[in-house]
Amino acid sequence: MNFTPLGKRVLVKRVEEANTTSSGIIIPDNAKEKPSRGEIVAVSSEVSELKKGDEVIFGKYSGNEVTLDGDLYIVIDVDDIFGIIG
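If you count the sequence shown from 1, position 77 lands on 133 in our numbering, and the numbers rise without skipping.
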């Protein structure tokens, strides 16, 4: 995949949440919420505070979903990212 976001945007791959609860209950896919955390896959040249590989938390309804090479990603404005994990 060769994709570079423009403006102050990053390309993020959502991190999937666990399929079971701590008590062992299996959560079906249709009952899961969209995760609001992900790993940065590509960064615009205008963004200096984030880098590829950072795990971030963002707003639940932030960005636009795109499919690249059959995988689902989200293009997010840097202003919609709340912070870096780790």
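All residues carry an ideal CB built from backbone N, CA and C; glycine is no exception. Source: prediction; values computed, not measured.
Assigned secondary structure, residue i (DSSP; H/G/I helix, E/B strand, else coil)
| i | result |
| --- | --- |
| ASP133 | strand |
| ASN120 | strand |
| GLY139 | strand |
Residue closest to residue i, alpha-carbon to alpha-carbon, out of the options
| i | options | result |
| --- | --- | --- |
| ILE113 | ASN58, THR60, GLU72 | GLU72 |
| THR60 | SER118, LYS108, GLY115 | LYS108 |
| LYS116 | ILE82, ILE137, SER79 | ILE137 |
| LEU128 | SER78, ILE96, GLY80 | ILE96 |
Proximal residues to residue i (C-beta, below 8 Å), its chain only, five neighbours per side dropped
| i | result |
| --- | --- |
| GLY139 | VAL112, ILE113 |
| LYS64 | SER100, GLU102, VAL103, ASP133, VAL134, ASP135 |
Rounded C-alpha distance that separates residue i from residue j
| i | j | result |
| --- | --- | --- |
| GLU121 | ASN58 | 16 Å |
| VAL68 | GLY94 | 6 Å |
heavy atom of the ligand COA below 7 Å from residue i C-beta
| i | result |
| --- | --- |
| ILE132 | As far as ligands go, the structure on display features none, and thus does not contain the ligand COA. |
Close Cβ partners of residue i (< 6 Å) along its chain, the five nearest in sequence each way excluded
| i | result |
| --- | --- |
| GLY119 | ILE130, VAL131, ILE132 |
Bounding residues of the beta strand (DSSP E) (the contiguous stretch that carries residue i)
| i | result |
| --- | --- |
| ILE82 | Counting along the chain, ILE82 falls outside any beta strand (DSSP E), and DSSP gives it neither H nor E. |
| PHE59 | Taken as a continuous stretch (DSSP letters only), PHE59 belongs to no beta strand (DSSP E), as it is neither H nor E. |
| LEU106 | It is not in any beta strand (DSSP E) - LEU106 carries neither H nor E in the DSSP assignment. |
Cβ-based neighbour list, residue i, same chain, cut-off 7 Å, excluding 5 preceding and 5 following
| i | result |
| --- | --- |
| SER92 | ILE113, PHE114, GLY115, LYS116 |
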